[in-house]
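The letter at position 278 of the sequence shown is residue 278 when you use the numbering used here, and the numbering goes up by one with no holes.
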Amino acid sequence: DTWLKKFQAHADRIIEELAPAGRADLCKALALPLSAECLKDVTGLTNMRFADMDAWSQAMIDGIANYTGNKEVEARCHAATAGIDAAIDDMIPVVSKHPNTSILSVLLAAGQNIDSIRANVKLAISGGQNEPRDAISGSVWALLTHPEQLAWVAEGKAKWIDVFEEYARWIAPIQMSPRRVTKPWTYVGVDFEPEDRVFFMFGSANRDEACFSDGDRFDITRDTSKSIAFGAGPHYCAGAFASRAMVADVALPRIFARLKGLRLDKAEPVRIGGWAFRGLLNLPVAWDTD
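So this is what it looks like as structure tokens:
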């Protein structure tokens, strides 16, 4: 509830500042700063700029997905983690004197060692910026390209959480996750040995026809209970509930309530990219300012 109020305050401020413009790239002007400002509160790193939060998150996930061993990507990743460490060091005395509900403050109060705290904060940043950012812009785009489903929400036939869950299934922000084989295993005629690396394709699983009829279709009325957009079991996303609150409870209803007549700006095409991490690269839109 504490975070929800902060999420609402960030959304209201960003949208109000944006509203008079009448047009924008919603990815950069709204989804990016909103996700980052919320993540600053969640992690406790309120001393960071939202642009740094986004850039450092991107640098880390690029490093995570750097399967070709690109040295420049690796260097950017290390620079990002060093920047986060410096931000943590600056905030430790602040949250020690004024405890709050952030990850940094709670873990410090619990007596967790500093290396573990750093690792947990970095994990939250690597998985807590791009994913809700992409879910916000992607969900808006999905509704603008499926206006009949936006009408269902307005008419009370569906809820904002239905939009979020279906978008996360349809274009999962995290499309793939690597795993290490721990014991000999055979699947559909393919043999795997211990230490082999495999990729779990969440994006493919979330369109599996055995679980989702016509899985390539965006449909906010479908049952998404079998979606693994947030993972499963011990690997289930720790930030799932914060993400749902940020996108479904805060961002989507406020965007469509405040930006009247929201529509795609057809002067520029929408671009989608990414493999391990996938989402909109831009979302040019316009709305009424009268």
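Glycine included, C-beta positions come from ideal geometry on N, C-alpha and C.
Beta-bridge pairing of Met-311 - partner residues as DSSP gives them: Residue 311 lies beyond the stretch modelled for the chain, which goes from 1 to 290, so this question has no answer here.
Closest residue to Asn-282 among Leu-150, Glu-166, Lys-6, Ala-24 (Cα-Cα distance): Taking the sequence shown and counting its residues from 1, one reaches residue 282 at position 282. Nearest C-alpha to Asn-282: Ala-24.
Simplified DSSP assignment, three categories, for Asp-191: As a working note, residue 191 is residue 191 in the sequence shown. The answer is strand: DSSP assigns Asp-191 an E or B state.
Residue from Asn-100, Trp-56, Thr-68 whose Cα sits closest to the Cα of Ala-86: The residue given as residue 86 occupies position 86 in the sequence shown. Among Asn-100, Trp-56, Thr-68, the Cα nearest to that of Ala-86 belongs to Trp-56.
Alpha helix (DSSP H) segment containing Ala-11, residue limits: If you number the sequence shown from 1, residue 11 lands on position 11. Secondary structure note for Ala-11: its alpha helix (DSSP H) is the uninterrupted segment 2–18.
Any 3 or more C-beta pairs closer than 8 Å across the segment 167–187 and the segment 264–283: Contact between the segment 167–187 and the segment 264–283 is present, because at least three Cβ pairs lie under 8 Å.
Buried versus exposed call for His-298 [16 or more other C-beta atoms within 10 Å across all chains shown]: The requested residue 298 does not occur in the structure, where the chain is confined to residues 1 to 290.
Backbone secondary structure at Asp-25 - three-state DSSP: One-based indexing of the sequence shown puts residue 25 at position 25. Shown here, Asp-25 sits in a strand according to DSSP, grouped into three states.
Beta-carbon gap between Val-95 and Ser-102 smaller than 8 Å: Start at 1 with the first residue of the sequence shown, and residue 95 comes out as number 95. Start at 1 with the first residue of the sequence shown, and residue 102 comes out as number 102. Yes, Cβ-Cβ distance for Val-95 and Ser-102 is below 8 Å.
Residues near Gln-8 by beta carbon distance below 6 Å, same chain, minus five either side: Here the question's residue 8 lines up with position 8 in the sequence shown. The residues are Val-250.
Simplified DSSP state of Pro-147, which is helix, strand or coil: Sequence index remark: in the sequence shown, residue 147 carries index 147 (1-based). In this structure, Pro-147 counts as helix in the three-state DSSP scheme.
C-alpha gap between Ala-240 and Leu-104, whole angstroms: Numbered from 1 along the sequence shown, position 240 holds the residue referred to as residue 240. Numbered from 1 along the sequence shown, position 104 holds the residue referred to as residue 104. When rounded, the distance between both Cα atoms is 18 Å.
Ranges of the alpha helix (DSSP H) found wholly within the segment 222–284, counting only runs of at least 4: With a minimum length of 4 residues, the continuous alpha helix (DSSP H) runs that stay inside the segment 222–284 are 240–244, 252–258.
Inter-residue spacing [alpha-carbon to alpha-carbon] between Arg-244 and Ala-229: Sequence index remark: in the sequence shown, residue 244 carries index 244 (1-based). Sequence index remark: in the sequence shown, residue 229 carries index 229 (1-based). Cα to Cα, the separation comes out at about 12 Å.
Option nearest Ala-65 by Cα separation, candidates Pro-178, Pro-284, Pro-132: Along the sequence shown, one-based indexing puts residue 65 at 65. Minimum Cα distance to Ala-65 is reached at Pro-178.
When Glu-155, Gly-128, Val-42, Ile-117 are compared against Trp-3, the one with the closest alpha-carbon: Numbered from its first residue, the sequence shown carries residue 3 at position 3. For the residues Glu-155, Gly-128, Val-42, Ile-117, the minimum Cα distance to Trp-3 belongs to Val-42.
Whether Leu-39 touches Met-53 by CB criterion (8 Å): Here residue 39 is taken as the residue at index 39 of the sequence shown, counted from 1. Here residue 53 is taken as the residue at index 53 of the sequence shown, counted from 1. Taking 8 Å as the Cβ cut-off, Leu-39 and Met-53 qualify as a contacting pair.
Residues that Ala-286 bridges to, as DSSP identifies them: Reading the sequence shown from its first residue, position 286 is the one you call residue 286. Beta-bridge pairing by DSSP links Ala-286 to Arg-23, Arg-263.
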